[in-house]
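First the structure, in the form of structure tokens, and then the observations on it.
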Amino acid sequence: MIRSITLAVMSWLVLDVIVPPVASGGAETSLRFYYASSRQGEVEPCGCQTGQIGGLHRLAEYLQRAGRTQKNSLFLDAGDAFFALPQIESSRRPQELAKADLIAKAYGYLGLDAYVPGRRDLAAGWKKLAQLAKATGAPFLAANLESTGAQTRFLKKHVILERQGWKVGVFGLVSEEDFSGVAGVAPRDALKVAREEIAALKRAGAKIIVALSYLGLESDRQLAAVPGIHLVFGSRSLDVLTQPQWVGKALIFQSDVEGRQIGVLDYVPGNPAKSSHTLVELDKTLEAKNIVTGWVEAHREFVRQLAFSSHPSEGKSKHGFVAQPNVCRRCHEAQYDFWEKTNHSSAYLVLYSKNQHFNPECIGCHSLGFQMAEGFSKIAEPFVLKEKSELKGKKVFAEQLMEAVFGKDTGPLDSRVDPKRYKRLHDRYTRTLAQLNEAQKLEKVYAGVQCEHCHGNRHGHPAVKIASRTRVSEAACLQCHVGSHDPKFNFAEKLPKIACPRMP
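To get this note's numbering, take the position in the sequence shown, counting from 1, and add 1.
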């Protein structure tokens, strides 16, 4: 989806007078900027919702269709592209580093022109960030960070880029608060440094001055008021500006998070009122095979192979083991029968259908107890056989079971898109598990959304009296039904659909 606006402004808001190049037909030329921010390590939409937006391959497709080259436009990113959090869980380190490498590789292929690092980008340290910078081929700009060690010398203050006859000066600023105390750098006052950079860029001949800002929207407004800045592309505060904001004589922009959008500005330097701005949602209309698609698919296979490595949970649980639904059934048969008919019980099918069943970012909401001491530590083993000798062939049992359930009926599964197909596969899965349990083949089943997702750990029940949480809280649901995973989630509306019959 594309939202477009023309920037109409009062005459007193027009930028500093700039004499623009003129096209052969006499029309004023425009300069195109593509901008992004806060990708947070997202390579592709998780797929748990049909119609999700984002994905590196879709970004590549859009830029290709738009005819983007480094000669006719600029591609800028305002930080936090490579990692979701400032620290990486040890068990997920290989996958997180691989995602960061893929993003850097894709950015290099797409011709990233400049980048300002965010605090999340330091999740793997300065050395890794320097490697990512090299892979992108773009300068990483942080003018208000003084380097205090060799590991941060790759950071630059600014860069001048020539496009369409214009000299564009770009400098980067980061949050003093976020980088205070970080080894290897000493942050300086952002606004003071901005004035220094503007003066330096003007001396170097820059006619358009752009700030890549990892300061947050409130600070961006103060930055935009500094004389000489024309454009501010920001991030950090996670604000989405569907329309750019005017402050003084500068425009402020900030796009959506997790790579859902790419911002497009056709900027007319001599007459900004004639500029136009677009936020492009990277939706399914951009789904196509391209070189980046192949890289994303290869990454997915890499994640699958990681699943066969052991990631033991830490320590011994204080809460015993995860109670299995078939054990709860002994006393709660009516509740079990109801649960078994819900899509919660077969939630693992959705992951398998989209080849995300070995993705640690996804498995937690489609199974119970992953990476918990009382649960399971190997992502490839959400179904545990009593006798390992019964496992035949090279594939793990989870994949053998899923192949038996799906047969030739493959492809992404979504109950909202094709409820009849979902029910057919749900029923087949339920029957297959029932047969395996009846034959006493299964030791544990962690797959699916289970009793303890809603009711908490019940180890020791009923022999041990437990302060029961009988009501399902909204907080329990929001552990998974949140953000892009379920943007329209309504607790009051959904609860009756999954609430088991009350005990007599």
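Note that CB positions come from ideal geometry on N, CA and C, so glycine has one too.
Query	Result
Proximity to F234 [Cα-Cα], best of N360, A115, F180	A115
Residues that Y35 bridges to, as DSSP identifies them	F76, V265
Best match in P361, K396, K106 for proximity to K379 [C-alpha to C-alpha]	P361
R164, DSSP secondary structure in three states	strand
Terminal residues of the beta strand (DSSP E) in which G1 lies	A query on residue 1 cannot be resolved here, the shown segment of the chain reaching from 2 to 505 and no further.
Neighbourhood of Y108 by C-beta distance below 6 angstroms, restricted to the same chain and skipping five residues each side	T137
Validate contact between the stretch 205-220 and the stretch 167-174 using beta carbons, cut 8 angstroms, 3 pairs	yes
Contact between the stretch 274-292 and the stretch 342-357 (3+ Cβ pairs under 8 angstroms)	no
A187 - DSSP class collapsed to helix/strand/coil	strand
Exposure of K317, with buried meaning 16 or more beta-carbon neighbours within 10 Å	Note on K317: pLDDT 41, under 50, position unreliable in the model; the coordinate value appears next. Per the 10 Å Cβ criterion, exposed.
Member of T243, V211, V385, Q244 whose CA lies at the smallest distance from the CA of A79	V211
For E453, three-class secondary structure by DSSP	helix
Beta-carbon proximity check, L57 vs V293, cutoff 8 angstroms	yes
Per-residue burial, F141 [other beta carbons within 10 Å of its own, 16 or more giving buried]	buried
Buried or exposed by the 16-neighbour rule on C-beta atoms within 10 Å, applied to Q306	exposed
Where the beta strand (DSSP E) containing F254 begins and where it ends	251-254
Identity of the residue in F398, W340, C332 nearest H358 by Cα	F398
Proximal residues to A289 (C-beta, below 6 angstroms), its chain only, five neighbours per side dropped	E62
Buried/exposed call for D428, threshold 16 Cβ in 10 Å	exposed
Those residues which DSSP pairs with H159 across a bridge	F172
Run of the alpha helix (DSSP H) containing S220, from where it starts to where it stops	218-225
Cut-off 6 angstroms between Cβ atoms - residues of its own chain near K100, not counting five sequence neighbours on either side	G42, V44
Residues of its chain near S416, where Cβ-Cβ distance is below 6 angstroms and the 5 sequence neighbours each way are ignored	N344, Y423
CA-to-CA distance, D179 to D122, given in whole angstroms	12 angstroms
Beta carbon of L103 nearer than 8 angstroms to that of I263	no
Option in V194, H300, W127 with minimal Cα separation from G185	W127
Runs of alpha helix (DSSP H) wholly within the stretch 106-150 (minimum 4 residues, chain order)	127-137
Environment of M403 [buried if 16+ CB atoms lie within 10 Å]	buried
Buried/exposed call for L496, threshold 16 Cβ in 10 Å	exposed
Own chain residues within Cβ distance below 7 angstroms of L437, not counting five before or after	L443
Proximity of L192 and Q223 at Cβ, strictly below 8 angstroms	yes
Alpha carbon of E219 to alpha carbon of G150, nearest angstrom	31 angstroms
DSSP beta-bridge partners of F234	L213, F254
Span of the beta strand (DSSP E) around E444	443-446
Assigned exposure category for A493 - 16 Cβ within 10 Å defines buried	exposed
Contained alpha helix (DSSP H) runs [length at least 4] in the stretch 351-380, N- to C-terminal order	361-364
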